[in-house]
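The numbering of the sequence shown is this note's numbering, which starts it at -6 and goes up by one.
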Amino acid sequence: MEEKSRVLVVSGTGYIGRRIVRASLAQGHPTFVLMRPEIGLDVDKLQMLLSFKAQGARLLEASLDDHAGLVAAVKQVDVVISAMSGAHMRSHNLLLQHKIVEAIKEPGNIKLLLNTIFRMQRFLPSEFGMDPSRMTHALEPGRVTFDEKMELRRAIEESNIPHTYISANCFAAYFGPNLCQMRTLLPPKERVLVYGDGNVKAIFVDEDDVAAYTIKCIDDPRTMNKTIYLRPPDNILTQNEVIEKWEKLSGKVLSEKIHITAEEFLAPMKDLDFPNQVGVGHFYHIFYEGCLTNFEIGDDGAEATLLYPEVQYTRLDEYMKQYL
Ligand SMILES: NC(=O)c1ccc[n+]([C@@H]2O[C@H](COP(=O)([O-])OP(=O)(O)OC[C@H]3O[C@@H](n4cnc5c(N)ncnc54)[C@H](OP(=O)(O)O)[C@@H]3O)[C@@H](O)[C@H]2O)c1
-6 MEEKSRVLVV SGTGYIGRRI VRASLAQGHP TFVLMRPEIG LDVDKLQMLL
44 SFKAQGARLL EASLDDHAGL VAAVKQVDVV ISAMSGAHMR SHNLLLQHKI
94 VEAIKEPGNI KLLLNTIFRM QRFLPSEFGM DPSRMTHALE PGRVTFDEKM
144 ELRRAIEESN IPHTYISANC FAAYFGPNLC QMRTLLPPKE RVLVYGDGNV
194 KAIFVDEDDV AAYTIKCIDD PRTMNKTIYL RPPDNILTQN EVIEKWEKLS
244 GKVLSEKIHI TAEEFLAPMK DLDFPNQVGV GHFYHIFYEG CLTNFEIGDD
294 GAEATLLYPE VQYTRLDEYM KQYL
């Protein structure tokens, strides 16, 4: 039987990272998870790490500031996946991934040398959202997410590190059951803001499916140095269609559907705090501009459900049933 690649997940306790760890184990990969000493007294994080260990993962202790420790961790594996948190809190965590790039390209890393020749080892940086290469026009300050992801891409490509970028579109929990509303994760009861005419297509993906497709990609030569877009056909929906699905599921028609123009949506942005300004920008690009669906995938990319038809992805209405 073909040997499965050995996977190191950095940021494995995060929202998407923990799912990637579980998917890696479920798909039979020897799975390693970075355990940072900086977690300090965060007992929930520690217990999550211990639960990964109980499921068969190996915990590798190293700080991102500990270059030698990071090199030692990276040397043990074939694939490094980072699920580092995004830039919502002005923290620029995404740029910490330069330290992972430095560890992978460490001259002593014979594995990289061999794997570059055989095109095996690869790095999947923290992306998992909109394709940053298509967001060069994005609004301030939300564009920081895309700018930082592009900065990382440049470092990876300049170092000739084999890679795959995962463009996961909308995580279902953040955009689906709340009927695409900001500042809540719960379904609205009466009143819903509809962006423009509500007919722009977006794409909603169950987070466990994001992880499953991510792991499917890692040993696949078809995904080498490409962007993989997650576009489950039944989950390519307009906001109106999402609302309709919820109304059908709940048996209740929402009484107030308030259409809001792009100008009205963007107007209050300047008075919001940073995370909400970032959020408004991202919502604008998704629901007014249609940035997830207004392009065809080119030769530098591929679509995950076509590559892996065997994955039974979750339809959004199925996902929303949890909220009834
Ligand atoms: N498509 C979407 O709808 C969507 C939604 C949200 C996020 N995203 C994207 O998904 C990716 C992951 O986001 P997430 O929400 O899953 O992240 P998250 O849960 O906020 O955090 C992920 C992990 O990052 C690590 N981390 C955080 N601060 C750190 C620091 N200062 N130093 C070192 N490590 C640190 C921690 O892992 P450890 O403690 O385990 O090391 C943390 O658990 C991002 O690229 C984000 O843009 C996409």
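From the three backbone atoms N, C-alpha and C, an ideal C-beta is built for every residue, glycine too.
Which residues share a DSSP beta bridge with residue i?
i, result
"leucine 145", "Per DSSP, none; premise fails for leucine 145."
"serine 160", "Tyr222"
Buried or exposed for residue i, going by 16 or more other Cβ atoms inside 10 Å?
i, result
"threonine 129", "exposed"
"lysine 142", "buried"
"glycine 122", "buried"
"glycine 244", "exposed"
"glutamine 48", "exposed"
"alanine 61", "exposed"
"valine 3", "buried"
Taking the alpha-carbon positions, what's the residue i to residue j distance?
i, j, result
"arginine 112", "serine -2", "Note that arginine 112 scores a pLDDT of 42, beneath 50, so its modelled location is shaky; the value from the coordinates is reported in the next line. Taking the straight line from one Cα to the other gives about 13 Å."
"arginine 215", "valine 246", "45 Å"
"alanine 16", "valine 67", "19 Å"
"proline 118", "leucine 52", "20 Å"
"glutamate 256", "aspartate 264", "15 Å"
"tyrosine 222", "isoleucine 159", "6 Å"
"glycine 21", "glycine 274", "39 Å"
"lysine 190", "lysine 250", "According to the sequence displayed, residue 190 carries aspartate and not lysine. So the alpha carbons of these two residues sit roughly 11 Å apart."
Could you pull out every residue in the same chain whose Cβ sits closer than 7 Å to the Cβ of residue i, ignoring the five residues on either side in sequence?
i, result
"glutamate 99", "Val64"
"asparagine 192", "Thr231, Asn233"
"tyrosine 301", "Tyr206, Lys209"
"threonine 6", "Lys38, Met41, Leu42"
Quick check on this structure: which residue in the options has the alpha carbon closest to the alpha carbon of residue i?
i, options, result
"glycine 79", "Glu133, Val198, Gln90", "Gln90"
"leucine 259", "Glu240, Gly272, Leu117", "Gly272"
"proline 181", "Tyr316, Ala195, His156, Cys210", "Tyr316"
"alanine 166", "Tyr312, Val0, Arg11", "Tyr312"
"threonine 254", "Asn269, Ala195, Tyr277", "Tyr277"
"lysine 46", "Gly33, Ala55, Asp59, Thr24", "Thr24"
"proline 225", "Asp213, Ala55, Leu285", "Leu285"
"phenylalanine 164", "Asn228, Ile149, Phe116", "Asn228"
Once you ignore the five residues that flank residue i on each side, which residues in its own chain have a CB closer than 8 Å to its CB?
i, result
"serine 152", "Val94, Ile97, Lys98"
"threonine 177", "Asn171"
Quick check: does the Cβ of residue i come within less than 7 Å of any heavy atom belonging to ligand 2?
i, result
"isoleucine 159", "Only ligand 1 can be found as ligands here, which leaves ligand 2 out of the picture."
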